[in-house]
Amino acid sequence: MLGAAALAGVLGGVLAVPAIGAEQDEAPEQIVNGDFSDGTTGWWWTENAPGTVEDGRLCVEVPDDTADPWDAIVGQDDLALVAGESYTLTYTASSTLPIISRTNVQLAEEPWTTDLAAADLVGDTAETHTHVFTAAADNDAAQLAFQIGGGAEAYTFCLQDVSLRGGAEPPTYEPDTGSPVRVNQVGYLSDGPKTGTVVTDSVAPLAWSLRDADGTERASGNTVPVGEDPTSRENVHTFDFSGMTEPGEGFTVTVEGETSVPFAIGEGLYSTLRTDALAYFYHNRSGIEIEADLVGEEYARPAGHVGVAPNQGDYEVPCAPGVCDYSLDVSGGWYDAGDHGKYVVNGGISVAQVMATYERTLTTEGTGGEALGDGKLRVPEGGNGVPDILDEARWQMDFMMRMQVPEGEPLAGMAHHKMHDRAWTGLPLLPHRDPQPRELRPPSTAATLNLAASSAQCARLFEPYDADFAAQCLETARTSWAAAQANPARYADPNDGQGGGAYSDRNVTDEFYWAAAELFITTGENTFRQAVLDSPLHGDTDAVFPRGGMSWADTAGLGALSLATVPNDLTEGQLAGVRAMVTEAADGYAADSVAAAYGVPYAPSDGSYVWGSNSQVLNNMVVMATAHDLTGDVTYRDSVLRGMDYLLGRNPLNLSYITGYGERYAKNQHHRHWANQLDPSLPNPAPGSVAGGPNSSIQDPVAQERLQGCAPAMCYVDHIESWATNEITINWNAPLSWVASYLDDLDSEDGGDNGDGGDNGDGASACQVTYATDRWSGGFTAHVSVTNTGTQELSPWELTWSFADDQRVTHAWSAEVRQNGRDVVAGPVSWNSTLPPGGTVSFGFNGTSTGTVADPAAFSLNSATCRAE
Ligand code: 9MR
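The opening residue of the sequence shown carries number 1395 in our numbering; numbering runs sequentially from there.
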């Protein structure tokens, strides 16, 4: 199922060069970001000579003992040269030791043919150099390279004001969109909807044909003309082959002689995506070696920010000047994104959604908690008796708690908004090679509430596994909540963007709601109940679930989703109100999906796509999937699946945004060590990494050069320097993990029944039970599902069984479980008291045991004997 071809060069699009023009002095500028006002964007260097930008200068640290000039290079790629045209290169450079820069404009690959090959003496005073040359041949992607290696001693080489004028206007970028017939390139679930989109000039319906791998037609029909799709500004039709349910690989759809990429129909399409999406977090851990045994040689790397030179380490990080006079050990955690910053404000939503991926398996029937259990994911803690997904979450929780201002200091209990490099570093740069000093930036209310919410969730999830850690989480949740109450309006400075992102958020009503909800669920205390009920957001669906979707800046929905799904002490009426917000929001997103020509459940009110739009799509999918979990209504599931179709290639660019998935996928996301586009010795992003996606605002120079005037869903380029459209981050892979887990669970259900009231029984007994356990030394977790296969509604329901040996139930969720000797009685909690015919209730519990345990074989539901699996 993993995507096939590496399509290097193809997905990047073509550059159509217009005719030659102007005089040299007004000739077009070919260099991107030659004044370094956009940091290091557009520039690259060899991995041994990392660069940084400060005060409009790019400086690279050249190591000692390089043999040849080309052993250390700084340069820029993708310059379009036109044969016969004259060009003028000017630049200003200095070096802490006198050196010769071999300054070449050349082919960017063998045989490295040069149009300019100069040798410039560079010393410690900045001097300007000028060269004029004529291009011998057309070249869409020439390279400017300052070759500065070959010396015995280390030195610093700095560049400023680089310009290459001449030739044609910068070329017009035309994305390579491949076939106009757009499908989910991974495939379609057998019992799910199967729709696609075709770009065509036709206004009349067209014939479509579905063929299998042998070329045999398996279904056919007519397309439905839609007209101009506002997200792509193209005329499109849709087609629907949902009637085809037979599994297979290599299906294609053909319309007007144009054929889609091949795709599968069947089950199990998302099982590797679930673990790959979660592996993203281990790959991006700070402060620990990434082991080849877990991720393979290609992705293994030394620990980052542990204080081995040139790293300064995250063990004793001071504040930025004037912020505080202490230092904190803020080691560990996950790197935020393509940069090496660690931000509590964004770390909170990310770890919360990772924990929610797990918590869903405790509270939702038909879920596969086993797939996230101990020994199942790529984490070094496998075998410790704790579900791997919680081990991963703890890596981040530990870091987040270290970001809290210590007792006795001003603002004690608040969390620092973020920590990161003092100045922006460039690409490529492995974490352990980052030479920048690290700094804490001021505490903020938003970060403090992220910490309160996520640590409250942490407390209840770790309780069965590590009571001390759970208590620490709860204590942190309480102190940070109190600190936020005392400092309710401390906002991060929107201009604090040097060396890391600002992540500024001046509306924290949503963070207060989220934190109150998590604290209430965990503690049941009245203060937090009141904070939930008194929030101006409570009951306001549009405010809790904005049309454009939840995000790091809009977190209220996280609280509402937890209240709607995790057992808590709201009254039935209050709970119904919260669930109504979820289903009402899901109705809106599902309606957007149905109306969209590409099926995407994302229709922001102003029609423009935001930075990280793919994560907005994913968050809307989380809300719809939760509505499906709550109601069993498959129309929500269908819209989630259409969202996945969009992300996996049914979109205006015919591109899967998830690395390794589909035939044509994003693989040059902005990331400092998955930087294969800049250095072939480095890998591409690991499979299961989702790109931020189309962003109408195209803030980076690469996007600005190529995408001016783009239609919203086409404002994207798979280029490593397009940080505004093509970055990867923890808060985008977190909802991907949640959704992939949900999708894989759809499959693990018998016959595709997702708890939607279908017939699970054989008619021979009144009930059916599944009972599965995860075990470790001294204890176990049981996941129980009971289906009423009889004809009577059971209210309340009561499931009874006897243990064969000394198991003891210690903690249950989604059911009240009482034990007397070996006999156990399980009954409803407030929200699942009625079990209608055909309905299923799922619950779970942890237990202790000494020695071997045998799962109970016989169950009774309201005195009737059940069939057990
Ligand atoms: O995801 C963030 C997006 O919503 C903002 O518009 C953007 C500009 O402030 O920043 C994004 O976050 C980036 C962060 O600041 C630094 N690490 C990478 C993040 C993703 O691009």
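Note that the Cβ used here is the ideal one computed from N, Cα and C, for glycine as well.
All of these numbers come straight from a predicted model, not from anything done at the bench.
C-alpha distance - residue i paired with residue j, whole-angstrom precision
{"i": "residue 2025", "j": "residue 1575", "result": "34 Å"}
{"i": "residue 1807", "j": "residue 1537", "result": "52 Å"}
{"i": "residue 1805", "j": "residue 1870", "result": "14 Å"}
{"i": "residue 1948", "j": "residue 1905", "result": "8 Å"}
{"i": "residue 1499", "j": "residue 1542", "result": "14 Å"}
{"i": "residue 2148", "j": "residue 1425", "result": "Because residue 2148 sits at a pLDDT of 34, beneath the cut-off of 50, its placement in the model cannot be relied upon, and the following sentence gives the value as read from the coordinates. Their Cα atoms are separated by approximately 55 Å."}
{"i": "residue 1824", "j": "residue 2136", "result": "33 Å"}
{"i": "residue 2252", "j": "residue 2012", "result": "41 Å"}
{"i": "residue 1492", "j": "residue 1519", "result": "10 Å"}
{"i": "residue 1837", "j": "residue 1773", "result": "31 Å"}
{"i": "residue 1722", "j": "residue 1712", "result": "7 Å"}
{"i": "residue 1845", "j": "residue 1742", "result": "6 Å"}
{"i": "residue 1724", "j": "residue 1821", "result": "24 Å"}
{"i": "residue 2069", "j": "residue 1489", "result": "27 Å"}
{"i": "residue 2095", "j": "residue 2113", "result": "11 Å"}
{"i": "residue 2084", "j": "residue 2052", "result": "4 Å"}
{"i": "residue 2170", "j": "residue 2010", "result": "38 Å"}
{"i": "residue 1881", "j": "residue 1864", "result": "25 Å"}
{"i": "residue 1673", "j": "residue 2077", "result": "15 Å"}
{"i": "residue 2043", "j": "residue 2093", "result": "24 Å"}
{"i": "residue 1900", "j": "residue 1885", "result": "6 Å"}
{"i": "residue 1703", "j": "residue 2129", "result": "35 Å"}
Residue i Cβ short of 7 Å to the ligand SAH heavy atom set
{"i": "residue 1977", "result": "Only the ligand 9MR can be found as ligands here, which leaves the ligand SAH out of the picture."}
Buried/exposed call for residue i, threshold 16 Cβ in 10 Å
{"i": "residue 1801", "result": "exposed"}
{"i": "residue 2022", "result": "buried"}
{"i": "residue 2065", "result": "buried"}
{"i": "residue 1526", "result": "exposed"}
{"i": "residue 1979", "result": "buried"}
{"i": "residue 1875", "result": "buried"}
{"i": "residue 1436", "result": "buried"}
{"i": "residue 1690", "result": "exposed"}
{"i": "residue 1462", "result": "exposed"}
{"i": "residue 1515", "result": "exposed"}
{"i": "residue 2244", "result": "exposed"}
{"i": "residue 1579", "result": "buried"}
{"i": "residue 2264", "result": "Summary: the structure shown does not reach residue 2264, with the chain confined to residues 1395 through 2263, and so no result is reported for it."}
{"i": "residue 1599", "result": "exposed"}
{"i": "residue 1524", "result": "exposed"}
{"i": "residue 2139", "result": "buried"}
{"i": "residue 1932", "result": "buried"}
When the options are compared against residue i, the one with the closest alpha-carbon
{"i": "residue 2247", "options": "2257, 2071, 2172 and 1862", "result": "2172"}
{"i": "residue 1833", "options": "1853, 1948, 1906 and 1706", "result": "1706"}
{"i": "residue 2240", "options": "2037, 1859, 1684 and 1740", "result": "1859"}
{"i": "residue 1786", "options": "1804, 1751, 1737 and 1809", "result": "1751"}
{"i": "residue 2229", "options": "1424, 2183, 2196 and 2252", "result": "2183"}
{"i": "residue 1605", "options": "2204, 1975, 1649 and 2102", "result": "1649"}
{"i": "residue 1828", "options": "1735, 1768 and 1763", "result": "1735"}
{"i": "residue 1887", "options": "1835, 1680 and 1528", "result": "1835"}
{"i": "residue 1797", "options": "1784, 2047, 1814 and 1444", "result": "1814"}
{"i": "residue 1767", "options": "1668, 1726 and 1569", "result": "1668"}
{"i": "residue 1561", "options": "1502, 1474 and 1522", "result": "1474"}
{"i": "residue 1714", "options": "1846, 1891 and 1547", "result": "1891"}
{"i": "residue 1678", "options": "1966, 2125, 2234 and 2208", "result": "2125"}
Secondary structure of residue i, DSSP reduced to three states
{"i": "residue 2197", "result": "coil"}
{"i": "residue 2007", "result": "helix"}
{"i": "residue 1430", "result": "coil"}
{"i": "residue 1542", "result": "coil"}
{"i": "residue 2163", "result": "strand"}
{"i": "residue 2237", "result": "strand"}
{"i": "residue 1866", "result": "helix"}
{"i": "residue 2124", "result": "helix"}
{"i": "residue 1676", "result": "helix"}
{"i": "residue 1941", "result": "coil"}
{"i": "residue 2146", "result": "Since pLDDT at residue 2146 reaches only 35, below the 50 mark, its modelled position is unreliable, and the value read off the structure follows with that caveat. In this structure, residue 2146 counts as helix in the three-state DSSP scheme."}
{"i": "residue 1900", "result": "coil"}
{"i": "residue 1891", "result": "coil"}
{"i": "residue 1920", "result": "helix"}
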